[in-house]
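Asker:
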Amino acid sequence: MSYLKLAVGSCLSIFSSLLWAVDPFEDFHQYGELSDEEIHQLHAGEVLYGDIEFGLIANNGNTKSTAFKLKSNLYQDFEHWRNQFKVDSLYKEETDANSNSSDVSASRYYISAQGNYKVGRDNESLFIYADYNDDKFSGKEYTATVALGYGNRLFEGEKNTVDFDIGPGFSISKTDNEIDIASNAVRIQRGQLLRLALQWERTVSKQTRFNQDISIEKSLSGLSSRVFSETALVSQVMGGVSLKVSYTYRYNSDPEENKNKVDTELGATLVYSF
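Read left to right, the sequence shown gives residues -21 to -1, 1 to 253 (mature numbering (1 follows the signal peptide of the UniProt record, and there is no 0)).
#1: Would you call the stretch 124 to 138 and the stretch 168 to 179 in contact, with 3 or more CB pairs under 8 Å?
#2: Identify which residue in Ala37, Val213, Ser117 and Glu209 has its Cα closest to the Cα of Ser184.
#3: Note down, in chain order, each residue of its chain lying with its Cβ closer than 6 Å to the Cβ of Ser152, except the 5 sequence neighbours on either side.
#4: Thinking C-beta only, is Thr42 closer than 8 Å to Asp82?
#5: When the Cα atoms are used, what is the spatial distance from Arg166 to Ile193?
#6: Can we say the stretch 225 to 233 touches the stretch 100 to 108, given the rule of at least three CB pairs closer than 8 Å?
#7: Please look up how many angstroms separate the CB atoms of Ala23 and Asp56, rounded, as I've assumed it's under 8 Å.
#8: Alpha carbon to alpha carbon, how far is Arg87 from Leu199? Give it in angstroms, no decimals.
#9: Taking the continuous beta strand (DSSP E) assigned at Leu202, which residues delimit it?
#10: Start and end of the beta strand (DSSP E) containing residue 258?
#11: Going by DSSP in three states, Glu196 sits in which element: helix, strand or coil?
#12: In this structure, how does DSSP classify Leu69 when only helix, strand and coil are distinguished?
#13: Helix, strand or coil: how does DSSP classify Glu180 here?
#14: Figure out for me which residue from Tyr54, Gly246, Ser117 and Arg61 has the closest Cα to the Cα of Leu27.
#15: Within a Cβ cutoff of 6 Å, which residues of the same chain sit near Ala85, ignoring the five residues on either side of it in sequence?
#16: Evaluate residue 306 with the Cβ neighbour count: other Cβ atoms within 10 Å of its Cβ, from every protein chain shown; 16 or more gives buried, anything less gives exposed.
#17: Nearest CA to the CA of Glu137: which residue from Thr182, Gln186 and Leu172?
#18: List the residues that DSSP assigns as beta-bridge partners of Phe253.
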């Protein structure tokens, strides 16, 4: 619970500082009306811009539960480089009202960074990507990936854009199963992979956008392959504040023992853009 209090406090502190730094009503006519590319041009040269997503659910009764979600998608856009940083965390704690005992039922932390070096016209680039995932209920202590390759815009229309990245990479993971230590099993696995990522953005209206992000990491070493998909509808509420309804799908072709291959999440959160 101390982690939850600290995380909520940190989020409120960041959110408050952003409100002081930027008037959320100042660009009311811009958010929702601009494409991602126009937003990058608007903030070109700034140290950081993007959005922060926050969700909190608290239940009270026979069982008390608190779920906290914090997510961010931040950018830098310079003359030769466009960088993207993502953070995604989920924490859920349940307390039995009779015994007053608490159990953590979800604890996940994910961070990623990608740098795109602009090599041609429009959105053509070379990229380098890295991520780190710590999910305490996945059967692994951590999973990390590094990849590099080529990116470009696959399609651009009046209301739709589709971008892609493709390239080889390397993954490393460590199981948290203590039985493996006694049986001298290999706890650390390393292997090569091929990474493909697609980002589809569709303008629904001046205040609403549809986003579809898909990433596929196909193992080339006989290890587990991973698929991540987020389908989201983001609608402006006021100024830089939007409501996001999303469906997240995670797939692991070779999960740890007693773990499912598929993990899904349906959420509704507030998003602050700055």
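Built from N, CA and C at the ideal position, the CB exists for glycine as well.
All values reported here derive from a predicted model rather than from experimental measurement.
Answerer: To lay it out plainly:
#1: Three or more beta-carbon pairs separated by less than 8 Å link the stretch 124 to 138 to the stretch 168 to 179, which places the two stretches in contact.
#2: Along the sequence shown, read from residue 1 onward, the residue named residue 184 stands at position 205. Of the candidates Ala37, Val213, Ser117 and Glu209, the one whose C-alpha sits nearest the C-alpha of Ser184 is Val213.
#3: Residue 152 sits at position 173 when you count from the first residue of the sequence shown. Hits under 6 Å: Lys119, Thr122 and Gln168.
#4: Position 103 of the sequence shown, counting from 1, holds the residue named residue 82. Position 63 of the sequence shown, counting from 1, holds the residue named residue 42. It is not a contact, given that the beta carbons lie outside the stated cut-off.
#5: In the sequence shown, residue 166 corresponds to position 187, counting from 1. In the sequence shown, residue 193 corresponds to position 214, counting from 1. The straight-line gap from Cα to Cα measures roughly 29 Å.
#6: Below 8 Å, too few C-beta pairs join the stretch 225 to 233 and the stretch 100 to 108 to call them touching: fewer than three.
#7: As a first step, residue 23 must be located in the sequence shown, where it is residue number 44. As a first step, residue 56 must be located in the sequence shown, where it is residue number 77. With 8 Å as the limit, Ala23 and Asp56 qualify as a contact, their Cβ atoms being about 5 Å apart.
#8: Here residue 199 is taken as the residue at index 220 of the sequence shown, counted from 1. Here residue 87 is taken as the residue at index 108 of the sequence shown, counted from 1. Approximately 26 Å between the Cα atoms of the pair.
#9: Locating residue 202 in the sequence shown gives position 223, where the first residue counts as 1. That residue, Leu202, is in no beta strand (DSSP E); it is neither H nor E in DSSP.
#10: Lying before the first or after the last residue shown, residue 258 is absent from the chain, which here runs from -21 to 253.
#11: What you label residue 196 is simply residue 217 of the sequence shown in a count that begins at 1. In the three-state scheme derived from DSSP, where H, G and I count as helix and E and B as strand, Glu196 is classed as strand.
#12: The residue you call residue 69 lines up with position 90 of the sequence shown. DSSP places Leu69 in strand when its eight states are reduced to three.
#13: In the sequence shown, the residue the question calls residue 180 occupies position 201. Strand.
#14: Taking the sequence shown and counting its residues from 1, one reaches residue 27 at position 48. The option with the nearest alpha carbon to Leu27 is Tyr54.
#15: To locate residue 85, count along the sequence shown from 1; it is residue 106. Non-local C-beta neighbours of Ala85 in its own chain, meaning closer than 6 Å and more than five positions away in sequence, comprise Leu69 and Lys71, ordered along the chain.
#16: Since the first residue of the chain shown is -21 and the last is 253, residue 306 is not available in this structure.
#17: Residue mapping note: residue 137 aligns to position 158 of the sequence shown, counting from 1. Its Cα nearest to that of Glu137, the residue Thr182 stands out among Thr182, Gln186 and Leu172.
#18: Taking the first residue of the sequence shown as position 1, residue 253 is located at position 274. Here Phe253 is not bridged, per DSSP, to any residue.
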